[in-house]
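Each remark here refers to the structure printed beneath this line.
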Amino acid sequence: MPRLDTTRFYLDSLASHGETAKGVQWMSTHTQELRFEVLRRLLPADLSDLMLVDAGCGFGDLYRYLLKRNDIPARYIGLDVLEPMVEAARRRTGCEIRLCDVLHDRLPDADYYLCSGAMNNLTREETWCFIRHCYGASGRGFVFNLLKGTDGPGSYNFQQPRDLAALAGELGAEPRLEEGYLSGDFSMAFLKA
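In the working numbering, the protein residues as written are 768 to 960.
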């Protein structure tokens, strides 16, 4: 059973905060972009010949972050489960943005999948399913961040890097871990050989 009604959670957030970092439940633009910076470090130095899929793209902020740095991939596709997010991301990026439920829909093939924050409201089982689907649709790997800790009451899902390293082993992926950039947060890459 889902941890919460994510549709209601994000629509309420959008209504309260608009198309901002807080509108997708980040504390600030600074912390959102810090997470993007760490995800970017886990990708190859040159993106210009790569196709990236942003799973749970929200308003397309990750693409806009890359665009500001003139560091754009050959092709970018955003996926989101909420129509208002899809509409906003299309308008704000000019990219291909698809309405898609990563847990249940067929995913497009890409070199890399990325996810920043979209798994934080899922159950542990849903998170692992999300990772498996994105990794399976990637040719080279899946790069993502999660909240670090132990689950308790509330809206958010917490994970431990050691558990994700075990999942990487199950998938035959080479894990790379980044932590220490924000308290209670970590990023990982599941890379293919």
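Heads up, the beta-carbon is just placed ideally off N, CA and C, and yes, glycines get one too.
Check	Outcome
Let's test the definition: count the other Cβ atoms within 10 Å of the Cβ of Met768 and tell me whether it reaches 16, buried, or not, exposed.	For Met768, the predicted structure reports a pLDDT of 41, less than 50, and the residue's modelled location is therefore unreliable. The matter cannot be settled from this model.
So, Val805 versus Tyr948, is the Cβ gap smaller than 7 Å?	yes
When you compare the CB positions of Ile864 and Val853, do they come within less than 7 Å of one another, or not?	yes
Using a Cβ-Cβ cut-off of 6 Å (strictly less than) and excluding sequence neighbours within five positions of Asp821, which residues of its own chain qualify?	Leu829, Gly845 and Leu881
So what's Ala956 in DSSP terms, helix, strand or just coil?	strand
Count the other CB atoms, across all protein chains shown, that sit within 10 Å of the CB of Asp876; report buried if there are 16 or more and exposed otherwise.	exposed
State the Cα-Cα distance for the pair Arg770 and Pro851, rounded to the nearest angstrom.	A caution first: Arg770 carries a pLDDT of 48, below 50, which makes its placement in the model unreliable, though a value can still be read off. Each residue's Cα considered, the two are about 21 Å apart.
Rounded to whole angstroms, what's the CA-CA distance from Glu941 to Ala935? Just pull it up for me.	7 Å
What ranges does the beta strand (DSSP E) occupy inside the region 811-851, keeping only unbroken runs of at least 3 residues that lie completely in it?	818-822 and 842-847
Let me make sure I understand the geometry here. Which of Lys915, Val910, Phe925 and Ala933 has the alpha-carbon closest to that of Ala956?	Val910
Which whole-angstrom value is the C-beta distance of Asn887 and Leu913, which I expect to be below 8 Å?	7 Å
From Gly827, Tyr879, Asp868 and Arg831, pick the residue whose C-alpha is nearest to that of Leu817; which is it?	Tyr879
Would you say Leu809 and Arg943 are within 7 Å of each other, going by their C-beta atoms?	yes
Output the distance between the C-alpha atoms of Asp952 and Thr796, rounded to the nearest integer angstrom.	16 Å
Need the endpoints of the beta strand (DSSP E) that Leu914 sits in, please.	Ser905 to Lys915
Use the C-beta contact count for Ser950: other C-beta atoms within 10 angstroms, 16 or more gives buried, fewer gives exposed.	exposed
So, using beta-carbon positions, are Leu938 and Tyr902 closer together than 7 Å?	yes
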